[in-house]
Amino acid sequence: MSNASLLLASLQHGDSFFPSGAVSFSWGLETLFSEGALTNADDIEAFARTQLQGRWAGFDRSVLISAHDAASLKDGDIDELHRIDAIVETQTLAREMRDGSHRSGLALLRVHEKMGTPGTSSYYDDIRGNKTRGHLSVMQGFVWARCGITKFDAQVIAAHALCVGLLGAALRLGAIGHVDSQRILASLRDPIDLILCHEAPVLERVHAFTPHSEIAVMRHETADSRLFAN
Amino acid sequence: MKSEKIFKHTSPARVGIGGPVGSGKTALIEKLIPTLEARGIEVAVVTNDLVTKEDAERLKRSGLIDPDRVRAVETGACPHTAIREDPTLNIQAADDLAAEFPSVGIIIIESGGDNLASTFSLDLVDYWLFVIDTAGGDDIPRKKGPGIIRSDLLVINKIDLAPLVGSDLELMEKDANEVRGDRPMVMTNCATGEGIVAIVNQLSRDVLFDA
Ligand SMILES: Nc1nc2c(ncn2[C@@H]2O[C@H](COP(=O)(O)OP(=O)(O)OP(=O)(O)O)[C@@H](O)[C@H]2O)c(=O)[nH]1
Ligand SMILES: [Mg+2]
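Residue numbers (my numbering), protein chains in the order written: chain A, -3 to 226; chain B, 35 to 245.
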């Protein structure tokens, strides 16, 4: 692919215009905002930073890298992808985090299946047949590898998509405005860059520590107000 | 005449119901379920409640339908996105229902109450209804939103309220026909069930192909 076409591919997959169900998830933000634990732009920025550093860097990123590696092998190592999927399933404690990851992963995969991205159709059948779950970071690594997106670009896109998802949710909750959301997004570039400068933990050592938002996600299960699925 | 549309979802048929807040979308579903079931067509429903699970709970408690056949999909305050730009989670919910209940003949997807510009993606549904009501004002058809012009079937609901709110029913009908050409329209009172049979007949012909 030419430089322009590589960049265009990354823009397409990193754009919130790409349908993947992302607008339905707040990953704890709805609960924390409605309970008054987050109130202004600084709080939202800190929340996004914590999600990046406390969860994405040590967990989702490694999962994505492993999935990208497995999907890049000739014919793709499907058993390995199932194994990675199982690790995410067992290490994601809050039910709505797990469901959110499964539902958005499946949504992403399904669009690729319809678009004819190679290998996605049989993985979709595996999920439908309950052989595996199709968690978001696994599916990102898998489908983006299949679209010719490099491992590095896949990480950049995933980090960007996470931030856009959180800031979009904050915007729709009324926690921040359109200018704040762009200012915060720009301020998150350095922390993302720093994360990407370090080695990701190997799959056997993935870890996440974001108790505030995870407990919020658990409380969300029974919350009256449910604009979002988590 | 059978519809010339190419249906992407073979079975069951997927039917969208959109329209402004409070126009009677859920009330219409409550009347459609028994009428369809009486004709041997099993129903499942996906709701897109905006803030709560109110509509999903209301249908589950209604006694009209097996509660397992009702799914709520949260739309993150984007009701229009969930039926148009990014219908992926609604498709997922409909796929789940289709897989779990193979005997279901029609899956109804109720959009969260939205504005006159909302439309359904044909990747999500085979056919869609747009419900407006007389209490919203008799100038609504004249305002020509995409929902009013492009929906497969326009429903003008709450005809019983027209005299009470000073809405001219004949004018609404005339304006709607003018902007829709020969596309069908039905007047209903979802409180009593008036007009429901006409809708089910239309669905049978255009969606279920039971002439
Ligand atoms: N008088 C009268 N009332 C109706 C009719 N149809 C619905 N209603 C009432 O109108 C109100 C709103 O109806 P819903 O069915 O909840 O409307 P909806 O479009 O589903 O609303 P949202 O999902 O919140 O957008 C309820 O109180 C219904 O009982 C009708 O034909 N006549
Ligand atoms: Mg409703």
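Cβ coordinates follow ideal geometry from the N, Cα and C atoms, glycine included.
query = In chain B, which residues lie less than 9 Å from S22(A) when you measure between Cβ atoms?
reply = As a working mapping, residue 22(A) is identified with position 26 in the first sequence. By Cβ distance, chain B contributes G110.
ask   = So, is M206(B) buried or exposed, given that buried needs 16 or more other C-beta atoms within 10 angstroms?
value = If you number the second sequence from 1, residue 206(B) lands on position 172. Counting the other CB atoms within 10 Å of its CB gives M206(B) a total of 16 or more, which places it among the buried residues.
query = Pick from I141(B), V199(B), S185(B) and L150(B): whose alpha carbon is nearest that of E71(B)?
reply = Numbered from its first residue, the second sequence carries residue 71(B) at position 37. Checked all of I141(B), V199(B), S185(B) and L150(B); the closest Cα to E71(B) is I141(B).
request  = At 9 Å on the CB atoms, spell out the chain A contacts of E64(B), in chain order.
outcome  = The residue given as residue 64(B) occupies position 30 in the second sequence. Residues of chain A passing the Cβ test: none, with the nearest at roughly 22 Å.
ask   = Is there a Cβ from chain B that is less than 8 Å from the Cβ of A166(A)?
value = Translated into positions along the first sequence, residue 166(A) becomes position 170. False, the Cβ-Cβ gap to chain B never drops below 8 Å.
message = As an exercise, report each continuous beta strand (DSSP E) stretch of at least 3 residues that is fully enclosed by the region 163 to 229 of chain B, in chain order.
response = If we require 3 residues or more, the beta strand (DSSP E) runs fully inside the region 163 to 229 of chain B come out as 187 to 191 and 219 to 221.
Start-end ranges of the beta strand (DSSP E) lying completely within the region 76 to 163 of chain B, minimum 3 residues = Counting whole runs of 3 or more residues, the region 76 to 163 of chain B contains the beta strand (DSSP E) stretches 76 to 81, 104 to 106 and 138 to 144.
ask   = Who are the neighbours of R106(A) on chain B, taking C-beta pairs under 9 Å?
value = For the purposes of this step, residue 106(A) is taken as the residue at position 110 of the first sequence. By Cβ distance, chain B contributes T122, I125, Q126 and D129.
Chain B residues whose Cβ lies nearer than 8 Å to that of V134(A) = Your numbering for residue 134(A) matches position 138 in the first sequence. Result: empty, since nearest Cβ-Cβ is about 17 Å, beyond 8 Å.
ask   = Using DSSP with H/G/I as helix, E/B as strand and the rest coil, what is T218(A)?
value = Looking up residue 218(A) in the first sequence gives position 222. T218(A) falls in the coil class under three-state DSSP.
For G97(B) and I211(A), the rounded distance between their alpha carbons = To locate residue 211(A), count along the first sequence from 1; it is residue 215. To locate residue 97(B), count along the second sequence from 1; it is residue 63. Roughly 35 Å separates the two Cα atoms.
query = What's the call for L3(A), buried or exposed, on a 16-neighbour Cβ count within 10 Å?
reply = Mapped onto the first sequence, residue 3(A) falls at position 7. Exposed, because fewer than 16 other Cβ atoms sit within 10 Å of the Cβ of L3(A).
query = Touch check for the region 143 to 163 of chain B and the region 66 to 81 of chain B: three-plus C-beta pairs under 8 Å?
reply = By the Cβ criterion, the region 143 to 163 of chain B is in contact with the region 66 to 81 of chain B, since at least three pairs of Cβ atoms, one from each stretch, lie closer than 8 Å.
inquiry  = Tell me which residues of the region 70 to 93 of chain B have at least one Cβ-Cβ distance to chain A shorter than 9 Å, keeping chain order.
reply    = Correct list: D83, L84, V85, T86 and K87.
request  = Assuming G137(A) contacts L60(A) (C-beta within less than 8 Å), just tell me the rounded distance between them.
outcome  = In the first sequence, the residue the question calls residue 137(A) occupies position 141. In the first sequence, the residue the question calls residue 60(A) occupies position 64. Their Cβ separation, rounded to whole angstroms, is 4 Å, which keeps G137(A) and L60(A) in contact under 8 Å.
task = Rounded to whole angstroms, what's the CA-CA distance from A157(A) to P114(A)? Just pull it up for me.
result = Here residue 157(A) is taken as the residue at index 161 of the first sequence, counted from 1. Here residue 114(A) is taken as the residue at index 118 of the first sequence, counted from 1. About 23 Å.
request  = Report the residues of the region 150 to 163 of chain A with a CB closer than 7 Å to any CB of chain B, ordered along the chain.
outcome  = Listed by position, the residues of the region 150 to 163 of chain A near chain B (Cβ gap below 7 Å) amount to none.
ask   = In three-state terms, what does DSSP make of V231(B)?
value = Position 197 of the second sequence, counted from the start, is the residue given in the question as residue 231(B). DSSP places V231(B) within a helical segment (H, G or I) once states are collapsed to three.
ask   = By Cβ distance, which residues of its chain are closer than 8 Å to L195(B), with the 5 residues on each side in sequence left out?
value = Counting from one through the second sequence, the residue named residue 195(B) turns up at place 161. So the qualifying residues of the chain are D167, T168, A169 and S201.
query = Between the Cα of Q49(A) and the Cα atoms of D121(A), N36(A), L89(A) and A155(A), which residue gives the shortest distance?
reply = By one-based count along the first sequence, residue 49(A) stands at place 53. Among D121(A), N36(A), L89(A) and A155(A), the Cα nearest to that of Q49(A) is on A155(A).
task = Would you verify that the beta carbon of E119(B) is, or is not, closer than 8 Å to some beta carbon of chain A?
result = For the purposes of this step, residue 119(B) is identified with residue 85 of the second sequence, where counting begins at 1. Yes, contact with chain A.
ask   = Does the beta carbon of T60(B) come closer than 8 Å to any beta carbon on chain A?
value = As a first step, residue 60(B) is located in the second sequence; it is residue number 26 there, counting from the start. So, not an interface residue.
request  = Measure how close the beta-carbons of R106(A) and I125(B) come, nearest whole angstrom, since I'm counting them as under 8 Å.
outcome  = On the first sequence, position 110 is the one that residue 106(A) refers to. On the second sequence, position 91 is the one that residue 125(B) refers to. Under the criterion of beta carbons closer than 8 Å, R106(A) and I125(B) qualify as touching, at roughly 7 Å.
Residues bridged to P54(B) [DSSP beta-bridge criterion] = Numbered from its first residue, the second sequence carries residue 54(B) at position 20. In the DSSP output, where bridge partners are listed per residue, P54(B) has D148(B).
query = So the alpha helix (DSSP H) H194(A) belongs to, where does it begin and stop?
reply = Taking the first residue of the first sequence as 1, we reach residue 194(A) at position 198. Careful: H194(A) lies outside any alpha helix (DSSP H) and carries neither H nor E.
key: 7 Å Cβ shell around I75(B) - same chain, five flanking residues per side excluded   = Sequence index remark: in the second sequence, residue 75(B) carries index 41 (1-based). Closer than 7 Å at the Cβ level, and outside the excluded window around I75(B), lie G139, I140 and L242.
message = Please classify N36(A) as buried or exposed, where buried requires at least 16 other C-beta atoms within 10 Å of its C-beta.
response = Locating residue 36(A) in the first sequence gives position 40, counting from the first residue. N36(A) is classed as exposed because its beta carbon has fewer than 16 other beta carbons within 10 Å across all chains shown.
inquiry  = Taking 6 Å as the limit, name every residue whose beta carbon sits nearer than that to some heavy atom of ligand 2, in sequence order.
reply    = Counting every residue whose Cβ lies closer than 6 Å to a heavy atom of ligand 2, we get K59(B), T60(B), D89(B) and E144(B).
query = CA-CA distance, A225(A) and D240(B)?
reply = Looking up residue 225(A) in the first sequence gives position 229. Looking up residue 240(B) in the second sequence gives position 206. Spanning the two alpha carbons is a distance of roughly 34 Å.
query = Which chain B residues sit within Cβ distance under 8 Å of P15(A)?
reply = The sequence position of residue 15(A) within the first sequence is 19, counting from 1. In chain order: E119, D120, P121 and T122.
key: DSSP-derived helix/strand/coil call for R129(A)   = Your numbering for residue 129(A) matches position 133 in the first sequence. The answer is coil: DSSP assigns R129(A) none of H, G, I, E or B.
ask   = How about V49(B) and L237(B): do their beta carbons lie closer than 8 Å?
value = Taking the first residue of the second sequence as 1, we reach residue 49(B) at position 15. Taking the first residue of the second sequence as 1, we reach residue 237(B) at position 203. Result yes, Cβ atoms of V49(B) and L237(B) sit closer than 8 Å.
ask   = So, does the CB of L34(A) fall closer than 8 Å to a CB anywhere in chain B?
value = As a position in the first sequence, residue 34(A) is number 38, starting the count at 1. No, its Cβ sits nowhere closer than 8 Å to a Cβ of chain B.
query = With distances taken between CB atoms, is the gap from H216(A) to E31(A) smaller than 8 Å?
reply = In the first sequence, the residue the question calls residue 216(A) occupies position 220. In the first sequence, the residue the question calls residue 31(A) occupies position 35. No; because the gap between Cβ atoms is not below 8 Å, this pair is not in contact.
CB of G17(A) within 8 Å of CB of R129(A), strictly = Within the first sequence, residue 17(A) is the residue found at index 21, counting from 1. Within the first sequence, residue 129(A) is the residue found at index 133, counting from 1. Going by C-beta atoms, G17(A) is not nearer than 8 Å to R129(A).
inquiry  = At the 8 Å Cβ level, is R99(A) part of the contact set with chain B, yes or no?
reply    = Position 103 of the first sequence holds residue 99(A). By this cut-off, R99(A) is an interface position.
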